[in-house]
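Working notes for the structure below.
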Amino acid sequence: MARKKIAFESPFPTPAFEPESRAALRKAMEEARRCGRDDLWREALRKLCALDGIDLSDPLHCSFYETLGAYEQALTEKNGRTTRASRTRQKIRNKGIVGCLEDWALAPAPTEGFEMLIRTGRAELTGEFLLLRYPDRFSDKAVAAARARLERAGIDPPSPAPTRPRD
């Protein structure tokens, strides 16, 4: 099976390159993070998602994969080696993104990912924060639970994202 080539222009002092593997994109993400370039980290993540065949036209899905990428990067930094959130990815396959976020919000205790992202100052990348950005996609109970969890962590809940008309 031929790999899909994704064009990626590197902002770093090296020439442009076209990573054709997840490893190359993850390396680009690490370099972007090291250089403090969140915009480039997000672009590499977008391309990584495209390699996985993920449709990022839905803002909730796009934001979710950004959240997942941030969590996996935090795990990688913590463990000193590439670490994937395999159970989270399994849950996505089984329940979908909305079901996954609902489960996290309604769980009696925060997830390891929530605690890690709060500790590293990335509250805006938690599932609970994301859920509150798109409250119309979730149950009232999940929205209330997500709000309460963020407030207990000392995080101001976000305003909902602007809604876009559905086709």
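End of the sequence shown sits at 167 in full-length UniProt numbering; the numbers just go up one at a time, nothing left out.
Backbone N, C-alpha and C fix where the C-beta goes; we use that ideal spot for every residue, glycine too.
| Which residue comes first and which comes last in the alpha helix (DSSP H) that contains Phe138? | That residue, Phe138, is in no alpha helix (DSSP H); it is neither H nor E in DSSP.
| request: Would you mind reading off the limits of the alpha helix (DSSP H) that contains Asp103? | output: 86-106
| message | Within 10 Å of its beta-carbon, does Lys95 have 16 or more other beta-carbons around it, so buried, or fewer, so exposed? | response | exposed
| said: Whole angstroms are fine: how far does the CA of Lys141 sit from the CA of Arg122? | reply: 24 Å
| query | Is the Cβ-Cβ distance between His61 and Ile97 less than 8 Å? | reply | yes
| query | Under three-state DSSP, which class holds Ile118? | reply | helix
| task | Would you please state the rounded distance, in angstroms, between the beta carbons of Arg33 and Gln73? I believe it to be under 8 Å. | result | 7 Å
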